[in-house]
Amino acid sequence: DPFKRYIMNEIVYEDPFIKDLTKKNEYIASGFRTDFVYDRLLTEAFM
Amino acid sequence: EYTKEKKVGEGTYAVVYLGTKQSTGRKIAIKEIKTSEFKDGLDMSAIREVKYLQEINHINVIELVDIFMAYNNLNLVLEYLPTDLEVVIKDQNILFTPADIKSWMLMTLRGVYHCHRNFILHRDLKPNNLLISPDGQIKVADFGLARAIPAPYDVLTSNVVTRWYRAPELLLGAKHYTSAVDVWSLGIIFAELMLRIPYLPGQNDVDQIDVTFRALGTPTDKDWPGVSKFSTYTQLQTYPPPSRDELRKRFIAASENALDLMSGMLTMNPQKRWTTIQCLQSEYFTELPPPSDPSTIK
Amino acid sequence: FRSSSQYRLWSFTKEQLDTKRVDTNAHAVAAIEEKLTMFKKDYASDISEEDAKMINEKAIPLTAEEELKLVDFYAKKVQGIAQHLNLPTEVVSSALIFFKRFYLENSVMEIDPKTIVHTIIFLACKSENYFISVDSFSKKTKASRDTILKYEFRILESLKFSLLCHHPFKPLHGFFLDIQNVLHGKVDVKYMGEIYTKTKKRISDALLTDVAFLFTPPQITLAALSLEDEQLTEKYLETKFSNTDTIIEASKDTNEKDKDSEVIKEDRPDKINYILLLSLIDQCKEVMS
């Protein structure tokens, strides 16, 4: 997609739910990445 | 519309036939899903194949031509793909060049990237699931273990991916893994193409962990935060990661960029492991030799 | 989305949807009339005057409208049972979508909705990786395993084997994030959290209507969001999408300098037709309401 209709701007996202997961060890060690999650949600929103 | 002419394979949940699409004369493969044996109705692998192949349309992913019921069996009509990468690797009579390897890796990465951009994990990438069409195109196949990339709170089973191609986070029991597990499998396939023998052939799941860490070093919390918290971590043997020189010696034919790409794909920490986009953008694909034209590969 | 089976096989205009339902009903009526005629002919001697009168009065096929009422009634049951089983929202929603799609292709007069409610939920569990064995599912729902498994194939076939549903819930989370970016500093995040929860409920209810056949998931999301807080939604959409128009308007009568911004904005291939988007959202809100 040459032009995504969104700019991912993790700094401004107040998302306690996702942020909490980044503190859970089993998530971090599994490879969990917030940018993967945000990118997916934003892609679904602008699909 | 379809004939079943020759039985070419049988798996746990399906029998595969070669056939012809009558109206066009096109050669096809028919995957007949056995339904009687499963007490829970239609088998999960069949549900997954149907669900994900219906959504994906890409030159480097096997085409689902049609689906039909017959005699209470579900039949998937797939494009006919005469061989696969495992056959090519094993057959010592077949000579292939670094340019051929580059072409295969490029096509495979494109196919897997397309799955990932559609938020689908394959979870069983290995040479015999990378089929080759008559015109030399690599096609990612067998979506029986595929699933949508999970929602953050989903708990996934770590018992996926054929052992030799299984990522370290899966070997250690991770339940919140990502598309990085597919990239690891592709890294092992890349190594196997260069070596022409399996790179990390563990005898069993425990041995697989040891073989993996002996070859690539035992991860620590320093390079992979949280890894020591996996319950299975304590019993691990500690091995040093290989030096660049050792890697060069092991992969004599590999260029520096090829080693960079392979190391990126085989990064222990899944959070730092390269994505398919990073792999496709690596200099390995733009340096000489250019990837072979698939139709010219013998 | 355009390459998805949801768009390719299960997106309709209102007219197409109505026609589809009328055709499915007509097909079933024709089959029933034929059976009735056969029945009367074969059993002419056994049927009393009274019976014949009763058949003519009572054995009248349903109209398409009556069918739709019955389908809606059972759709609520599907949602209720699935929620009662504490299934995740995505599973409940997929069961609902499967059920509504099934009765676009089949008449309630051919397959009684009561007989497929559990199968539909069971299939949705499998499809969404929320696997429950048929025995434990049977225990939870008190439905027999044969009832649960009987129509699985028939349902899969009627669904044209398209199982991947794009629901408006992920877009809701996506807009929740993007609003924070586009309206940065102008929205209260706590308030956004409340809106999020209410909008999610609205979306669940909306899936009982035909919106999933008529609109894309993001349009449904924005409609639900707008029903929850019209001002916030308009502010967001205007800030995000309409500025290309206003910049173009503004630069028409200003000096050369602005021309560049006009060219860039004008030529962006991903420019959304803001006015069209607003009208689609309004139409969707109407159907939902």
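Protein chains in written order, with the numbering used here: chain L, 154 to 200; chain D, 96 to 393; chain E, 8 to 296. By construction, the Cβ of each residue, glycine as well, lies at the ideal position given by its N, Cα and C atoms.
Assumed close pair residue i, residue j - CB separation to whole angstroms, cut-off 8 angstroms
i        : j        : result
D:Leu251 : D:Lys270 : 5 angstroms
E:Ala231 : E:Thr206 : 5 angstroms
E:Ser233 : E:Thr223 : At roughly 15 angstroms, the Cβ-Cβ gap does not stay under 8 angstroms, so E:Ser233 and E:Thr223 are not in contact.
D:Asn155 : D:Met202 : 5 angstroms
E:Gly181 : L:Leu195 : 5 angstroms
E:Ser134 : E:Leu179 : E:Ser134 to E:Leu179, Cβ: 21 angstroms. No contact.
L:Val165 : E:Asn188 : 5 angstroms
D:Ser350 : D:Glu382 : 6 angstroms
E:Lys121 : L:Glu197 : With 8 angstroms as the limit, E:Lys121 and L:Glu197 do not qualify as a contact, their Cβ atoms being about 34 angstroms apart.
D:Asp300 : D:Arg368 : The Cβ separation is near 21 angstroms, so there is no contact.
Chain-ordered chain L contacts of residue i [CB-CB under 7 angstroms]
i        : result
E:Asn188 : Ile160, Asn162 and Val165
D:Ala275 : Gly184
E:Asp185 : Tyr159, Leu195 and Ala198
D:Pro247 : Ile171, Leu174 and Val190
E:His180 : Leu194
CB contact below 8 angstroms: residue i versus chain D
i        : result
E:Glu112 : no
E:Phe168 : yes
E:Asn280 : no
E:Asp260 : Only weak support exists for where E:Asp260 lies, its pLDDT of 45 falling under 50; the value from the coordinates is given anyway. Not an interface residue.
E:Leu171 : yes
E:Ser268 : Note that E:Ser268 scores a pLDDT of 43, beneath 50, so its modelled location is shaky; the value from the coordinates is reported in the next line. E:Ser268 does not count as touching chain D.
Min CB distance residue i to chain E below 8 angstroms
i        : result
L:Met200 : yes
L:Leu174 : no
D:Met357 : no
L:Asp168 : yes
L:Glu179 : no
D:Asp186 : no
D:Pro154 : Sequence check: residue 154 of chain D is Ile here, not Pro. For D:Ile154, the answer is no, since every Cβ of chain E falls outside 8 angstroms of its Cβ.
D:Asp316 : no
Per-residue contacts from residue i into chain E (C-beta, under 9 angstroms)
i        : result
D:Asn167 : Phe160
Nearest neighbour of residue i, chosen from the options [CA to CA]
i        : options                                   : result
D:Tyr334 : D:Glu351, D:Val278, D:Phe308 and D:Trp319 : D:Phe308
D:Gly359 : D:Leu281, D:Val145, D:Gln117 and D:Arg143 : D:Leu281
D:Phe346 : D:Gly114, D:Leu383 and D:Tyr294           : D:Tyr294
D:Asp277 : D:Leu288, D:Thr313, D:Asp302 and D:Phe238 : D:Phe238
D:Asn168 : D:Ile292, D:His217, D:Glu127 and D:Leu113 : D:Glu127
E:Lys147 : E:Gly192, E:Leu190 and E:Ala89            : E:Ala89
D:Asn92  : D:Leu290, D:Tyr272, D:Gln298 and D:Pro384 : Outside the displayed range of chain D (96 to 393) lies residue 92 of chain D, so it cannot be described from this structure.
L:Arg186 : D:Tyr248, D:Thr98, D:Ser387 and D:Gly120  : D:Tyr248
E:Val29  : E:Gln187, E:Leu130, E:Glu72 and E:Lys47   : E:Glu72
D:Thr469 : L:Glu179, L:Asp173 and L:Glu167           : Nothing can be reported for residue 469 of chain D: it is not among the residues displayed for chain D, which extend from 96 to 393.
E:Ala82  : E:Asp53, E:Pro95 and E:Phe106             : E:Phe106
D:Gly113 : D:Val172, D:Leu148, D:Gln149 and D:Val145 : As written in the sequence, residue 113 of chain D is Leu, which differs from the Gly given in the question. Checked all of D:Val172, D:Leu148, D:Gln149 and D:Val145; the closest Cα to D:Leu113 is D:Val172.
E:Ala33  : E:Ile227, E:Tyr198, E:Asn136 and E:Pro68  : E:Pro68
E:Lys21  : E:Thr246, E:Thr126 and E:Leu111           : E:Leu111
D:Asn223 : D:Leu311, D:Val183, D:Gly312 and D:Thr107 : D:Val183
D:Gly106 : D:Ala194, D:Ser118 and D:Ile125           : D:Ile125
E:Lys167 : E:Gln86, E:Leu287, E:Asn113 and E:Leu244  : E:Asn113
Contacts of residue i in chain D (Cβ-Cβ under 7 angstroms)
i        : result
L:Phe156 : None at all; the shortest Cβ gap to chain D is about 15 angstroms.
E:Ser12  : Gln149 and Glu150
E:Ser134 : Ile142 and Lys146
E:Leu156 : Gly136
E:Glu164 : Met164
Test: residue i CB closer than 8 angstroms to a CB of chain L
i        : result
D:Ile397 : Chain D is shown from 96 up to 393; residue 397 of chain D falls before or after that span and cannot be answered.
D:His209 : no
E:Leu214 : no
E:Val196 : yes
D:Phe214 : yes
D:Pro389 : no
D:Leu220 : no
E:Phe8   : yes
D:Phe191 : no
D:Gln366 : yes
Residue i: contacting residues in chain L (beta-carbon distance under 9 angstroms)
i        : result
D:Val322 : Ala182
D:Phe238 : Simply none; closest approach about 19 angstroms.
Partners in chain E for residue i, counting only beta-carbon separations shorter than 7 angstroms
i        : result
D:Asp135 : Ser140 and Val141
D:Ile162 : Phe168
D:Met139 : Lys133 and Phe138
Residues that residue i contacts on chain L, provided the C-beta gap is smaller than 8 angstroms
i        : result
D:Ala269 : Glu179, Ala182, Ser183 and Gly184
Below-8 angstroms beta-carbon distance, residue i vs any chain A residue
i        : result
D:Tyr260 : Within the model displayed, chain A is absent; protein chains L, D and E are what it includes.
Residue i: CB within 7 angstroms of a non-hydrogen atom of the ligand NAD
i        : result
D:Trp259 : Inclusion of the ligand NAD in the displayed structure is not the case, the ligand content being empty and no account of it being possible.
Item to check | Any alpha helix (DSSP H) of 4 or more consecutive residues that is wholly inside the segment 163-236 of chain E | outcome: Segments of the alpha helix (DSSP H) lying fully in the segment 163-236 of chain E: 176-189, 196-213, 218-221 and 224-235.
Next on the checklist: List, from N- to C-terminal side, the alpha helix (DSSP H) runs of 4 residues or more that fit wholly inside the segment 191-232 of chain D.
Outcome noted: You should have 193-212.
Checklist entry - Where are the alpha helix (DSSP H) runs, 4 residues long or more, that stay fully inside the segment 102-180 of chain D, in chain order? => result Complete alpha helix (DSSP H) runs here, min 4: 139-148.
Checklist entry - Which ranges does the alpha helix (DSSP H) cover as unbroken runs of at least 4 residues, wholly within the segment 55-117 of chain E, from first to last along the chain? => result Here the runs fully enclosed are 56-65, 71-91 and 96-112.
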